[in-house]
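Number of protein chains: 2
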Amino acid sequence: MATAEKEAEVDGERCYFVGGGGRPHPARARHMSAASTAPVPASQVGHWAAETDVLIAGNGCAGASASIEAAAAGARVLVVDAAGGWGGASAMSGGEIYLGGGTPVQKACGVEDTPDAMYAFLKLATGPDPAEDKLAVYCEGSLEHFDWLVRCGVTFVPKLWTEPSWEAPTGYGLMYTGGENAHPFADLVPPAPRGHIVHMEDKRPGERSAGWMLMKHLVATAERAGVEVRYNTRTERLVVDGERVVGAEVVSFGERHFVRARRGVVLAAGGFAANPAMLAQHAPRLAGNFLVGTDGDDGRGIRMGQAVGAAVRHMDAGQTSFPTDPALLYRSLLLDARGHRFVNEDTYPGRVGQTALFKQDRKTFLLYDETASEEAARLSGYAVQPTWVSDDLGELAKEMGVAPGVLAGTVATYNAGAERGEDPECHKAARWLRPLAPPYGVLDLRDAPCGVFTTGGLHTSPRGEVLGLEGDPIPGLFAAGRTTSGIPSWGYCSGTSLGDGTFFGRRAGRRAGRSAATA
Amino acid sequence: MATAEKEAEVDGERCYFVGGGGRPHPARARHMSAASTAPVPASQVGHWAAETDVLIAGNGCAGASASIEAAAAGARVLVVDAAGGWGGASAMSGGEIYLGGGTPVQKACGVEDTPDAMYAFLKLATGPDPAEDKLAVYCEGSLEHFDWLVRCGVTFVPKLWTEPSWEAPTGYGLMYTGGENAHPFADLVPPAPRGHIVHMEDKRPGERSAGWMLMKHLVATAERAGVEVRYNTRTERLVVDGERVVGAEVVSFGERHFVRARRGVVLAAGGFAANPAMLAQHAPRLAGNFLVGTDGDDGRGIRMGQAVGAAVRHMDAGQTSFPTDPALLYRSLLLDARGHRFVNEDTYPGRVGQTALFKQDRKTFLLYDETASEEAARLSGYAVQPTWVSDDLGELAKEMGVAPGVLAGTVATYNAGAERGEDPECHKAARWLRPLAPPYGVLDLRDAPCGVFTTGGLHTSPRGEVLGLEGDPIPGLFAAGRTTSGIPSWGYCSGTSLGDGTFFGRRAGRRAGRSAATA
Numbered sequence: 004m005a006t007a008e009k010e011a012e013v014d015g016e017r018c019y020f021v022g023g024g025g026r027p028h029p030a031r032a033r034h035m036s037a038a039s040t041a042p043v044p045a046s047q048v049g050h051w052a053a054e055t056d057v058l059i060a061g062n063g064c065a066g067a068s069a070s071i072e073a074a075a076a077g078a079r080v081l082v083v084d085a086a087g088g089w090g091g092a093s094a095m096s097g098g099e100i101y102l103g104g105g106t107p108v109q110k111a112c113g114v115e116d117t118p119d120a121m122y123a124f125l126k127l128a129t130g131p132d133p134a135e136d137k138l139a140v141y142c143e144g145s146l147e148h149f150d151w152l153v154r155c156g157v158t159f160v161p162k163l164w165t166e167p168s169w170e171a172p173t174g175y176g177l178m179y180t181g182g183e184n185a186h187p188f189a190d191l192v193p194p195a196p197r198g199h200i201v202h203m204e205d206k207r208p209g210e211r212s213a214g215w216m217l218m219k220h221l222v223a224t225a226e227r228a229g230v231e232v233r234y235n236t237r238t239e240r241l242v243v244d245g246e247r248v249v250g251a252e253v254v255s256f257g258e259r260h261f262v263r264a265r266r267g268v269v270l271a272a273g274g275f276a277a278n279p280a281m282l283a284q285h286a287p288r289l290a291g292n293f294l295v296g297t298d299g300d301d302g303r304g305i306r307m308g309q310a311v312g313a314a315v316r317h318m319d320a321g322q323t324s325f326p327t328d329p330a331l332l333y334r335s336l337l338l339d340a341r342g343h344r345f346v347n348e349d350t351y352p353g354r355v356g357q358t359a360l361f362k363q364d365r366k367t368f369l370l371y372d373e374t375a376s377e378e379a380a381r382l383s384g385y386a387v388q389p390t391w392v393s394d395d396l397g398e399l400a401k402e403m404g405v406a407p408g409v410l411a412g413t414v415a416t417y418n419a420g421a422e423r424g425e426d427p428e429c430h431k432a433a434r435w436l437r438p439l440a441p442p443y444g445v446l447d448l449r450d451a452p453c454g455v456f457t458t459g460g461l462h463t464s465p466r467g468e469v470l471g472l473e474g475d476p477i478p479g480l481f482a483a484g485r486t487t488s489g490i491p492s493w494g495y496c497s498g499t500s501l502g503d504g505t506f507f508g509r510r511a512g513r514r515a516g517r518s519a520a521t522a
Numbered sequence: 004m005a006t007a008e009k010e011a012e013v014d015g016e017r018c019y020f021v022g023g024g025g026r027p028h029p030a031r032a033r034h035m036s037a038a039s040t041a042p043v044p045a046s047q048v049g050h051w052a053a054e055t056d057v058l059i060a061g062n063g064c065a066g067a068s069a070s071i072e073a074a075a076a077g078a079r080v081l082v083v084d085a086a087g088g089w090g091g092a093s094a095m096s097g098g099e100i101y102l103g104g105g106t107p108v109q110k111a112c113g114v115e116d117t118p119d120a121m122y123a124f125l126k127l128a129t130g131p132d133p134a135e136d137k138l139a140v141y142c143e144g145s146l147e148h149f150d151w152l153v154r155c156g157v158t159f160v161p162k163l164w165t166e167p168s169w170e171a172p173t174g175y176g177l178m179y180t181g182g183e184n185a186h187p188f189a190d191l192v193p194p195a196p197r198g199h200i201v202h203m204e205d206k207r208p209g210e211r212s213a214g215w216m217l218m219k220h221l222v223a224t225a226e227r228a229g230v231e232v233r234y235n236t237r238t239e240r241l242v243v244d245g246e247r248v249v250g251a252e253v254v255s256f257g258e259r260h261f262v263r264a265r266r267g268v269v270l271a272a273g274g275f276a277a278n279p280a281m282l283a284q285h286a287p288r289l290a291g292n293f294l295v296g297t298d299g300d301d302g303r304g305i306r307m308g309q310a311v312g313a314a315v316r317h318m319d320a321g322q323t324s325f326p327t328d329p330a331l332l333y334r335s336l337l338l339d340a341r342g343h344r345f346v347n348e349d350t351y352p353g354r355v356g357q358t359a360l361f362k363q364d365r366k367t368f369l370l371y372d373e374t375a376s377e378e379a380a381r382l383s384g385y386a387v388q389p390t391w392v393s394d395d396l397g398e399l400a401k402e403m404g405v406a407p408g409v410l411a412g413t414v415a416t417y418n419a420g421a422e423r424g425e426d427p428e429c430h431k432a433a434r435w436l437r438p439l440a441p442p443y444g445v446l447d448l449r450d451a452p453c454g455v456f457t458t459g460g461l462h463t464s465p466r467g468e469v470l471g472l473e474g475d476p477i478p479g480l481f482a483a484g485r486t487t488s489g490i491p492s493w494g495y496c497s498g499t500s501l502g503d504g505t506f507f508g509r510r511a512g513r514r515a516g517r518s519a520a521t522a
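Encoded structure:
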């Protein structure tokens, strides 16, 4: 496996190739602080360079939401971010927010939904070990959260997009982002689309995304609420007085300062996909892929929490993209290394990606025909070139290293079912079933890297308190966003990161803002 | 999923059903201390009830080995164990120790092996993210470790057992325990058996196992070396002086005492498979299975380490058995929920178990015929009853819920290959290939629980030092065995737990014993 750091433009985003072979790469390590995360006793703080009520590390969607609610609770709030400006990974995202229970957008699109259906779906889709306590408040509070986002200036176009794709085109505000309308979930819970897409008039992939637009509204709202912000300011260590967190040491342009936080510190500093050593330690299967995130996703927020006794949760979990066009995927057969299908291709492509990465070690092929290729190209605007093309499945099997006859059997089973409008093997919906006809194309996806980010992190209560090893809150410490393990407990749906980050960011900020101040 | 605690006799061992649904069960939680693991500052210790140089928590194979070497280094040593006697999970095990590089037993059996071949194999078999630094010293030091075990009184019968089974019968001292002689490893590294089985004359499964015999020798050696031991004494919290660990608080018959450890504390207190809350938090896929271990595997050793700033590693990892007779497995086709094969059935059954659990969510079937059933029953001494029997694969497919034609295709592909002495699909060795003939039996293994234990834990150096979040040793703190993440980094081979526990237990004990004493 390649160990050199690679940069690549993937879908217009600047991505990094992370942790080839799971070993830290010196060039990457340079960006990261190796300084200790061990907390500083308050007695060793000579001088507080700044004082505030609530200090928030990170100005992505979780930090910004926390800052708004902490200020609304009457607290003085300081947000610091290691980057030169706001946004973090949130501003690079597609701007999908997982909301439901009957939002005005859902209603305008004729979609029926309830908090119970939303809860039932997310409990199934985000397990094993779904965060039931968080899911309960998240689903119950989703309508109120929708209203809050609207009050922050966020708009959603009430128009449903139903084609398979990672993101919807401008002008659509709602889409399926978790496989709600596909096997197995569609058979278990009444399906509803819940991916609410932040509206942006001049969306230009690679420049400004809908996630950027979300952040613009949140940061503007925070500014109106009187939140102070410092950029190029990295949080390095927490300051503790006994068991209570009372501030942090920050580094700004090479200088170290202590910031006192009378009511609490909120860690909202992203995940750890940019830290190859942490990936190897906790989530080695995510290594060797493209980072979806920023250099700030170095896990320091998580380690600072651990250093004061916080528990972590599901550190092996991660979201993965799938390395080809969803419009083509839905119309194809996705095969494992032995030439068998293993998942319904019409579910959420992130779920396909997780299955391919975690259950097939990335060893997959896509088999399709000319009709599938043409239809997908027409929708996506680009054609995927197959690795091999042939009329003869036996010949393709040989290229793929698949046992003789297996590929012909796979296609025969699929075609026979498709004729009847059924997929007895993987339960793809009838809409996508059509017997494949020669010539066939096979795309070799073995070892094709996908985009990844981590979803494991600090264990927090639904109120945003960071919990210790025995489950008790650590006084003065709060966290939200990908620094924590949240709604995407293990399984993932697009929109649960911005959804979880904003929702529990608000709760962490509110809880911190209302905490009793230290003297 | 069942949430009630179940007890069952599995292979003669007392096993517990752990963590149904990944939720803690009150009846289990009773056995566990919910007391804080937060360290006690030495300044708060009023009275040291006991003083020693090296305090060791746990008297399983890691703790006992550590005690012997700490004493050999000239230290005064006290071992405490929460149980009423020695042994821990080690004494319940099959007594296999993974050793190689050309041991006298290997040589007497005509087996060629080198430290390099052993390293190459383990690096492949224990990844992703194999513990390369530990593997290097483990393979290099394996011959010396063999000699040390012999000096402790352990004997091995130089006779090779080659039938597929979890354990060898009395009188055999060597077997394959990692799939060394099967695909894919046999194609990549010259295979050698390395599972060295501790000899025991009157081995009676369910009463005394070869693991018990190993422990008997180790404990006797420790006693001769002057090691002190206290049972019914549970280590609850570490005592720290600044960053250094200087002792521990122990609980014995309800009374709390502080024990000073002038040179260091060694945590050798087992894994966390008996702690449902920790399983849910870190390894939810292991929940709902049978615990291989003791009530002492409650993860407290790991949490005590974390509470003083230790890093953890691969907390999602675990070893799993496979829920049926290996002799039958090798002669059968193991199928996924869709009726396809997915692994060569003749590899190490623990590897099959991991693949079935982690990659197939336990949804598997075993398909075999009368010849396979009879041969396996003759070897194992018991017959496995199939769930369904039929001459008609289409009928069986219907029972299994498999798409029409798929099962017939699976068997046709296998039989055609077997006729030629090949397995183009999964690469089972020629020895096990034989076309299957009707009537066929299918054993439904969907949701059949397997035996599990955890292999994630504290991050330690190859010297046995516990490492902090930034990779620096925590002064005065050492660990070994399943409290740590070791040789079974992710993948597993039988014998790597006793091997890793004894080998790195020795190193931890030696390092602790040679440490400078605190005043």
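Chains as they are written, first to last, in our numbering: chain H, 4 to 522; chain L, 4 to 522. Where a beta carbon is used, it is the ideal one built from N, C-alpha and C, also for glycine.
In the structure shown, Ile-305 of chain H falls within a helical segment according to DSSP collapsed to helix, strand and coil. In the structure shown, the three-state DSSP call for Ile-71 of chain L is helix. Measuring C-alpha to C-alpha distances from Gly-156 of chain L to each of L:Met-216, L:Asp-119 and L:Phe-261 identifies L:Met-216 as the nearest.
Here the alpha carbon of Ala-86 of chain H sits roughly 29 Å from the alpha carbon of Pro-326 of chain H. Burial is judged here by how many other beta carbons sit within 10 angstroms of a residue's own beta carbon; Glu-204 of chain L has fewer than 16 and is exposed.
Closer than 7 Å to the CB of His-343 of chain H there is at least one CB belonging to chain L. Along the length of the stretch 162-221 of chain L, whole beta strand (DSSP E) runs at least 3 residues long occupy 198-200, reported in chain order. Look at the stretch 80-97 of chain L: it has no residue with a C-beta under 8 Å from a C-beta of chain H. Here the stretch 275-291 of chain L does not lie against the stretch 72-91 of chain L, with fewer than 3 beta-carbon pairs under 8 Å apart. Judged by DSSP secondary structure, Leu-370 of chain H falls within the beta strand (DSSP E) whose first and last residues are 367-372. About 11 Å separates the beta carbon of Thr-486 of chain H from that of Gly-467 of chain H, a gap too long to meet the 8 Å contact definition. A Cβ-Cβ distance of about 6 Å is found for the pair Val-253 of chain H and Val-262 of chain H, placing them in contact under the 8 Å criterion.
A direct Cα-Cα distance of roughly 57 Å separates Ala-223 of chain L from Ile-59 of chain H. Interface flag for Lys-362 of chain L against chain H is set, since a Cβ pair is found closer than 7 Å. Residue nearest to Ala-139 of chain L within the set L:Gly-498, L:Ala-41 and L:Pro-465 is L:Pro-465 (criterion: CA-CA distance).
Gly-321 of chain H is bridged by DSSP to H:Thr-457.
Taking 7 Å as the CB threshold, Arg-316 of chain H lines the interface with chain L.
Rounded to whole angstroms, the Cβ separation of Leu-125 of chain L and Ile-477 of chain L is 27 Å, and the two are not in contact under 8 Å. With distances taken between CA atoms, Thr-521 of chain L lies nearest to L:Val-249 out of L:Ala-74, L:Glu-231 and L:Val-249. Among the bridge pairs identified by DSSP, Asp-339 of chain L is matched with L:Thr-367. Rounded to the nearest angstrom, the Cβ distance from Pro-407 of chain H to Pro-427 of chain L is 7 Å, consistent with a contact under 8 Å.
In this structure, Phe-293 of chain L places its C-beta atom within 7 Å of the C-beta atom of Gly-454 of chain L.
Between Glu-99 of chain L and Thr-180 of chain L, the C-beta spacing is below 7 Å.
Within the stretch 226-245 of chain H, no residue has its Cβ closer than 7 Å to any Cβ of chain L.
Residue contact with chain L for Thr-40 of chain H: present (Cβ-Cβ distance below 7 Å to some residue of chain L). Along the stretch 357-387 of chain H, going in chain order, the ones with a CB nearer than 7 Å to a CB of chain L are Lys-362. By DSSP's assignment, His-260 of chain L forms a beta bridge with L:Val-253. Neighbours of Asp-319 of chain H across chain L, judged by C-beta separation under 7 Å: Asp-319. Under DSSP, Glu-468 of chain H forms a beta bridge with H:Phe-481. Contact check for Arg-513 of chain L and Ala-195 of chain L: beta-carbon distance about 28 Å, past the 8 Å limit, so the pair fails to qualify.
Under the DSSP definition of a beta bridge, Ser-93 of chain H lacks any partner. Using a Cβ distance threshold of 7 Å, Phe-368 of chain H and Leu-338 of chain H count as a contacting pair. Take the alpha-carbon of Leu-282 of chain L and the one of Phe-275 of chain H: they are about 22 Å apart. With a threshold of 7 Å between beta carbons, Arg-466 of chain H makes no contact with chain L.
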